[in-house]
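Colleague:
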Amino acid sequence: MVKNQKKISAGVLLGVLFFSLTLLLGIAVFADTREGILEIDVLDIGQGDAILIQTPTRARVLIDGGRDTTVSKKIAEELPFWERTIDVMILTHPDLDHVGGLPDVLRRYRVGAILLTEVEKDLPAYQEFLARAREEDIPLQYVYAGDSLRLGPDLVLAIFAPEKGTIDSEDLNNFSIVAKLMHNKRSFLFTGDAEDKGERRMIAGGADLSADVLKLGHHGSRYSSSAVFFKSVGARAGLISAGAHNSYGHPHPDVLKRMADASMTAYRTDTQGTIEIISDGEFLTITTEK
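Residue numbers (our numbering): 1 to 290.
1) How about the segment 85-100 and the segment 54-63: do they share at least three Cβ pairs that are nearer than 8 Å?
2) Go through its chain and collect everything with a Cβ distance to Asp154's Cβ below 7 Å, but skip five positions before and after it.
3) Mind checking which residues open and close the beta strand (DSSP E) that includes Thr288?
4) Quick check: the Cα distance between Thr274 and Glu120, rounded to an integer number of angstroms?
5) So, using beta-carbon positions, are Glu78 and Leu52 closer together than 8 Å?
6) Determine which residues share a DSSP beta bridge with Lys215 and list them.
7) For the alpha helix (DSSP H) containing Arg258, list its first residue and its last residue.
8) Which residue wins for smallest C-alpha separation from Ala262, given the options Ala158, Leu157, Phe229 and Ala244?
9) Report yes if the CB atom of Pro253 is closer than 8 Å to the CB atom of Arg268, and no otherwise.
10) With Ile114 as the anchor, note down where its beta strand (DSSP E) starts and where it stops.
11) Please list, in chain order, all residues of the same chain as Arg67 whose beta carbon is under 6 Å from its beta carbon, the five residues on each side excluded.
12) The alpha helix (DSSP H) spanning Met202 covers which residue range?
13) Under 8 Å: do the segment 221-235 and the segment 205-213 share three or more Cβ pairs, one atom per stretch?
14) At the level of alpha carbons, what is the spacing between Ala59 and Lys180?
15) Go through its chain and collect everything with a Cβ distance to Ile278's Cβ below 7 Å, but skip five positions before and after it.
16) For the segment 121-159, which segments carrying the alpha helix (DSSP H) assignment without a break, of at least 4 residues, lie completely within its bounds, in sequence order?
17) Considering Cα atoms alone, identify which of His93, Met89 and Thr117 is closest to Val105.
18) Among Ala194, Ala266, Glu136 and Asp44, which residue has its Cα nearest to the Cα of Ile167?
19) Assign Phe30 to buried or exposed, taking buried as 16 or more other Cβ atoms, counted over all protein chains shown, within 10 Å of its Cβ.
20) At a cut of 8 Å, does the segment 142-157 reach the segment 122-133 through at least three beta carbon pairs?
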(Lines of atoms letter the chains of each structure in order from A and count residues from 1; the text may use other names and numbers.)
(Lines give C-alpha, C1' and ligand atoms only; values in the text may rest on other atoms or scores of the structure.)
Protein backbone atom coordinates (compact mmCIF):
# COMPACT_ATOMS: atom_id res chain seq x y z
CA MET A 1 0.00 0.00 0.00
CA VAL A 2 1.49 3.31 -1.04
CA LYS A 3 1.00 5.99 1.58
CA ASN A 4 1.16 9.78 1.53
CA GLN A 5 0.71 9.99 -2.22
CA LYS A 6 -0.27 13.26 -3.79
CA LYS A 7 -3.28 12.61 -5.98
CA ILE A 8 -3.82 13.38 -9.63
CA SER A 9 -7.59 12.98 -9.34
CA ALA A 10 -9.80 11.14 -11.80
CA GLY A 11 -13.57 11.46 -12.29
CA VAL A 12 -15.87 9.53 -14.60
CA LEU A 13 -17.86 11.31 -17.31
CA LEU A 14 -19.89 9.98 -20.22
CA GLY A 15 -18.18 10.22 -23.59
CA VAL A 16 -15.94 13.21 -22.86
CA LEU A 17 -12.39 13.76 -21.66
CA PHE A 18 -11.56 17.01 -19.93
CA PHE A 19 -8.66 18.46 -18.00
CA SER A 20 -8.37 20.69 -14.98
CA LEU A 21 -4.94 22.22 -14.70
CA THR A 22 -4.75 23.46 -11.14
CA LEU A 23 -1.88 22.50 -8.89
CA LEU A 24 -2.00 18.97 -10.32
CA LEU A 25 -3.62 17.42 -13.36
CA GLY A 26 -7.22 16.15 -13.20
CA ILE A 27 -8.17 13.42 -15.63
CA ALA A 28 -11.61 12.05 -16.48
CA VAL A 29 -12.00 8.78 -18.35
CA PHE A 30 -14.80 7.03 -20.26
CA ALA A 31 -17.45 5.33 -18.17
CA ASP A 32 -17.82 2.22 -20.35
CA THR A 33 -16.39 -0.87 -18.69
CA ARG A 34 -14.63 -4.00 -19.91
CA GLU A 35 -16.11 -6.21 -17.19
CA GLY A 36 -13.28 -5.46 -14.77
CA ILE A 37 -10.51 -6.51 -17.14
CA LEU A 38 -7.14 -4.76 -17.24
CA GLU A 39 -4.94 -5.37 -20.29
CA ILE A 40 -1.24 -4.54 -20.47
CA ASP A 41 0.67 -5.06 -23.71
CA VAL A 42 4.46 -4.81 -23.84
CA LEU A 43 4.69 -4.08 -27.55
CA ASP A 44 7.31 -5.68 -29.76
CA ILE A 45 8.78 -2.51 -31.25
CA GLY A 46 12.42 -3.61 -31.52
CA GLN A 47 15.11 -2.17 -29.27
CA GLY A 48 13.24 0.14 -26.94
CA ASP A 49 10.18 0.38 -24.71
CA ALA A 50 6.49 0.82 -25.53
CA ILE A 51 3.75 -0.37 -23.17
CA LEU A 52 0.03 0.05 -23.81
CA ILE A 53 -2.35 -0.17 -20.86
CA GLN A 54 -6.12 -0.49 -21.33
CA THR A 55 -8.09 -0.14 -18.10
CA PRO A 56 -11.48 -1.62 -17.18
CA THR A 57 -12.98 1.88 -17.69
CA ARG A 58 -11.45 2.02 -21.18
CA ALA A 59 -8.81 4.59 -20.32
CA ARG A 60 -5.71 4.06 -22.45
CA VAL A 61 -2.22 4.79 -21.18
CA LEU A 62 0.91 4.57 -23.32
CA ILE A 63 4.27 4.35 -21.58
CA ASP A 64 7.07 5.29 -24.02
CA GLY A 65 7.12 4.80 -27.78
CA GLY A 66 10.28 3.08 -29.01
CA ARG A 67 12.62 4.62 -31.52
CA ASP A 68 10.48 4.86 -34.68
CA THR A 69 6.98 4.64 -36.15
CA THR A 70 6.68 0.92 -35.40
CA VAL A 71 4.82 1.81 -32.21
CA SER A 72 1.91 3.35 -34.14
CA LYS A 73 1.45 0.15 -36.12
CA LYS A 74 1.55 -1.96 -32.98
CA ILE A 75 -1.01 0.24 -31.21
CA ALA A 76 -3.29 -0.10 -34.25
CA GLU A 77 -3.11 -3.89 -33.86
CA GLU A 78 -4.32 -3.64 -30.27
CA LEU A 79 -7.11 -1.05 -30.60
CA PRO A 80 -10.27 -1.09 -32.74
CA PHE A 81 -9.67 0.78 -36.01
CA TRP A 82 -12.12 3.52 -35.01
CA GLU A 83 -10.42 4.19 -31.67
CA ARG A 84 -8.05 7.15 -32.01
CA THR A 85 -7.60 8.25 -28.41
CA ILE A 86 -4.75 7.80 -25.95
CA ASP A 87 -5.88 9.30 -22.65
CA VAL A 88 -2.47 9.55 -20.99
CA MET A 89 1.00 9.32 -22.52
CA ILE A 90 4.00 8.81 -20.22
CA LEU A 91 7.56 9.46 -21.38
CA THR A 92 9.83 7.86 -18.79
CA HIS A 93 12.90 9.75 -20.09
CA PRO A 94 13.91 11.34 -23.40
CA ASP A 95 16.27 8.76 -24.91
CA LEU A 96 15.67 7.91 -28.57
CA ASP A 97 14.51 4.33 -27.91
CA HIS A 98 11.72 5.69 -25.69
CA VAL A 99 10.70 8.94 -27.37
CA GLY A 100 11.48 8.31 -31.05
CA GLY A 101 8.04 6.95 -31.99
CA LEU A 102 5.95 9.35 -29.91
CA PRO A 103 5.77 12.24 -32.45
CA ASP A 104 4.10 9.82 -34.87
CA VAL A 105 1.65 8.71 -32.18
CA LEU A 106 0.77 12.37 -31.60
CA ARG A 107 0.07 12.70 -35.32
CA ARG A 108 -2.20 9.67 -35.47
CA TYR A 109 -3.99 9.76 -32.10
CA ARG A 110 -5.71 12.31 -29.90
CA VAL A 111 -3.68 12.42 -26.70
CA GLY A 112 -5.30 13.79 -23.57
CA ALA A 113 -2.27 14.55 -21.42
CA ILE A 114 1.46 13.85 -21.27
CA LEU A 115 3.37 13.01 -18.09
CA LEU A 116 7.15 13.40 -18.24
CA THR A 117 10.30 14.22 -16.29
CA GLU A 118 11.69 17.69 -15.78
CA VAL A 119 14.86 17.22 -17.84
CA GLU A 120 16.50 18.89 -20.78
CA LYS A 121 17.91 17.10 -23.79
CA ASP A 122 18.84 18.44 -27.21
CA LEU A 123 17.62 15.36 -29.08
CA PRO A 124 15.75 16.11 -32.34
CA ALA A 125 13.09 13.47 -31.69
CA TYR A 126 12.48 14.85 -28.19
CA GLN A 127 12.30 18.43 -29.41
CA GLU A 128 9.87 17.35 -32.16
CA PHE A 129 7.79 15.56 -29.54
CA LEU A 130 7.59 18.67 -27.35
CA ALA A 131 6.84 20.95 -30.30
CA ARG A 132 4.00 18.75 -31.56
CA ALA A 133 2.50 18.44 -28.08
CA ARG A 134 2.45 22.22 -27.77
CA GLU A 135 0.98 22.63 -31.26
CA GLU A 136 -1.83 20.25 -30.29
CA ASP A 137 -2.26 22.08 -26.97
CA ILE A 138 -1.77 18.86 -25.01
CA PRO A 139 -1.18 19.46 -21.29
CA LEU A 140 2.38 18.60 -20.23
CA GLN A 141 2.74 17.62 -16.58
CA TYR A 142 6.02 16.90 -14.75
CA VAL A 143 5.64 14.08 -12.24
CA TYR A 144 7.74 13.10 -9.25
CA ALA A 145 7.95 10.45 -6.56
CA GLY A 146 4.84 10.74 -4.42
CA ASP A 147 2.44 11.64 -7.24
CA SER A 148 -0.30 9.23 -8.23
CA LEU A 149 -2.96 8.92 -10.90
CA ARG A 150 -6.30 7.26 -10.20
CA LEU A 151 -7.41 5.49 -13.37
CA GLY A 152 -10.60 3.97 -12.04
CA PRO A 153 -12.06 1.95 -9.16
CA ASP A 154 -9.31 -0.08 -7.46
CA LEU A 155 -6.80 1.13 -10.07
CA VAL A 156 -4.00 3.56 -9.17
CA LEU A 157 -0.71 4.40 -10.85
CA ALA A 158 1.78 5.51 -8.18
CA ILE A 159 5.01 7.31 -9.12
CA PHE A 160 8.16 6.19 -7.27
CA ALA A 161 10.83 8.10 -9.23
CA PRO A 162 12.32 10.55 -9.93
CA GLU A 163 12.48 12.55 -6.71
CA LYS A 164 11.83 16.25 -7.08
CA GLY A 165 14.95 18.37 -6.84
CA THR A 166 17.35 15.51 -7.62
CA ILE A 167 16.96 15.16 -11.39
CA ASP A 168 20.19 15.10 -13.37
CA SER A 169 19.87 15.60 -17.13
CA GLU A 170 23.26 13.92 -17.57
CA ASP A 171 22.03 10.70 -15.96
CA LEU A 172 18.69 10.15 -17.67
CA ASN A 173 18.43 6.42 -17.03
CA ASN A 174 18.55 6.74 -13.26
CA PHE A 175 15.98 9.52 -13.32
CA SER A 176 13.44 7.62 -15.40
CA ILE A 177 9.83 7.68 -14.29
CA VAL A 178 9.23 4.53 -12.28
CA ALA A 179 5.57 3.71 -11.69
CA LYS A 180 3.59 0.98 -9.97
CA LEU A 181 0.13 0.12 -11.27
CA MET A 182 -2.08 -1.31 -8.51
CA HIS A 183 -5.24 -3.12 -9.58
CA ASN A 184 -7.11 -4.55 -6.60
CA LYS A 185 -4.90 -7.42 -5.40
CA ARG A 186 -2.41 -7.31 -8.30
CA SER A 187 0.40 -4.89 -9.04
CA PHE A 188 2.80 -4.15 -11.88
CA LEU A 189 6.07 -2.21 -11.65
CA PHE A 190 7.37 -0.28 -14.68
CA THR A 191 10.97 0.90 -14.34
CA GLY A 192 11.90 2.72 -17.56
CA ASP A 193 15.68 2.52 -17.89
CA ALA A 194 16.42 2.70 -14.15
CA GLU A 195 19.81 1.20 -13.32
CA ASP A 196 21.35 -0.02 -10.06
CA LYS A 197 21.85 3.54 -8.77
CA GLY A 198 18.19 4.39 -9.23
CA GLU A 199 17.09 1.05 -7.81
CA ARG A 200 19.15 1.61 -4.66
CA ARG A 201 17.74 5.11 -4.28
CA MET A 202 14.16 3.79 -4.31
CA ILE A 203 14.97 1.02 -1.84
CA ALA A 204 16.68 3.47 0.51
CA GLY A 205 13.68 5.80 0.25
CA GLY A 206 11.39 3.08 1.57
CA ALA A 207 9.20 2.73 -1.53
CA ASP A 208 6.90 -0.29 -1.51
CA LEU A 209 8.34 -1.91 -4.62
CA SER A 210 6.53 -5.22 -4.19
CA ALA A 211 4.78 -6.31 -7.38
CA ASP A 212 3.48 -9.41 -9.08
CA VAL A 213 4.98 -8.42 -12.43
CA LEU A 214 8.14 -6.40 -13.07
CA LYS A 215 9.09 -4.67 -16.32
CA LEU A 216 12.87 -4.89 -16.03
CA GLY A 217 14.90 -1.71 -16.26
CA HIS A 218 17.02 -0.79 -19.29
CA HIS A 219 15.99 -3.73 -21.48
CA GLY A 220 17.75 -6.29 -19.29
CA SER A 221 21.06 -4.44 -19.07
CA ARG A 222 23.61 -5.93 -16.67
CA TYR A 223 23.71 -2.56 -14.89
CA SER A 224 20.06 -2.88 -13.87
CA SER A 225 17.96 -5.47 -12.04
CA SER A 226 20.22 -6.29 -9.12
CA ALA A 227 19.56 -9.27 -6.88
CA VAL A 228 18.70 -6.88 -4.03
CA PHE A 229 16.17 -5.10 -6.23
CA PHE A 230 14.59 -8.39 -7.30
CA LYS A 231 14.24 -9.34 -3.62
CA SER A 232 12.55 -6.00 -2.86
CA VAL A 233 10.08 -6.45 -5.71
CA GLY A 234 9.40 -10.16 -5.24
CA ALA A 235 7.86 -10.53 -8.71
CA ARG A 236 7.29 -13.96 -10.20
CA ALA A 237 7.17 -12.66 -13.78
CA GLY A 238 9.72 -10.36 -15.41
CA LEU A 239 9.11 -8.55 -18.71
CA ILE A 240 12.04 -7.60 -20.95
CA SER A 241 11.55 -5.23 -23.88
CA ALA A 242 14.49 -5.60 -26.26
CA GLY A 243 15.15 -5.93 -29.98
CA ALA A 244 16.03 -9.25 -31.58
CA HIS A 245 19.80 -9.66 -32.02
CA ASN A 246 20.41 -6.14 -30.67
CA SER A 247 23.99 -4.86 -30.57
CA TYR A 248 23.85 -4.18 -26.80
CA GLY A 249 23.54 -7.82 -25.82
CA HIS A 250 20.23 -7.22 -24.04
CA PRO A 251 19.11 -9.04 -22.01
CA HIS A 252 22.47 -9.80 -20.41
CA PRO A 253 23.10 -13.41 -19.31
CA ASP A 254 23.86 -12.18 -15.76
CA VAL A 255 20.38 -10.67 -15.54
CA LEU A 256 18.74 -13.85 -16.82
CA LYS A 257 20.66 -15.81 -14.19
CA ARG A 258 19.57 -13.39 -11.45
CA MET A 259 15.99 -13.84 -12.63
CA ALA A 260 16.31 -17.62 -12.43
CA ASP A 261 17.87 -17.38 -8.98
CA ALA A 262 14.88 -15.26 -7.89
CA SER A 263 12.43 -17.82 -9.35
CA MET A 264 11.23 -15.19 -11.81
CA THR A 265 9.92 -16.30 -15.20
CA ALA A 266 11.33 -14.24 -18.08
CA TYR A 267 9.10 -12.96 -20.89
CA ARG A 268 11.00 -11.32 -23.75
CA THR A 269 9.86 -9.33 -26.75
CA ASP A 270 13.06 -10.16 -28.66
CA THR A 271 12.21 -13.87 -28.77
CA GLN A 272 8.47 -13.99 -27.97
CA GLY A 273 7.05 -10.85 -29.56
CA THR A 274 4.40 -8.71 -27.90
CA ILE A 275 3.63 -9.76 -24.32
CA GLU A 276 0.00 -9.52 -23.19
CA ILE A 277 -1.14 -9.47 -19.57
CA ILE A 278 -4.81 -9.83 -18.68
CA SER A 279 -6.00 -9.35 -15.09
CA ASP A 280 -9.28 -8.97 -13.25
CA GLY A 281 -7.49 -7.69 -10.15
CA GLU A 282 -7.24 -11.13 -8.57
CA PHE A 283 -6.06 -13.51 -11.27
CA LEU A 284 -3.75 -12.71 -14.14
CA THR A 285 -2.56 -14.46 -17.27
CA ILE A 286 0.46 -13.71 -19.43
CA THR A 287 0.60 -14.77 -23.08
CA THR A 288 3.10 -14.05 -25.82
CA GLU A 289 2.82 -13.53 -29.56
CA LYS A 290 5.28 -16.32 -30.41
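Here a beta-carbon is modelled for each residue, glycine too, at the ideal position from N, C-alpha and C.
Modeller: According to the structure data:
1) yes
2) His183, Asn184 and Gly281
3) Leu284 to Thr288
4) 31 Å
5) yes
6) Phe190 and Leu239
7) Pro253 to Asp261
8) Phe229
9) no
10) Arg110 to Leu116
11) Gly48, Leu96, Asp97 and Gly100
12) Asp196 to Ala204
13) yes
14) 17 Å
15) Ile37, Glu39, Leu284 and Thr285
16) 124-135
17) Met89
18) Ala194
19) Note that Phe30 has pLDDT 40, beneath the 50 cutoff, so the model's placement of it is unreliable and no number is given.
20) no
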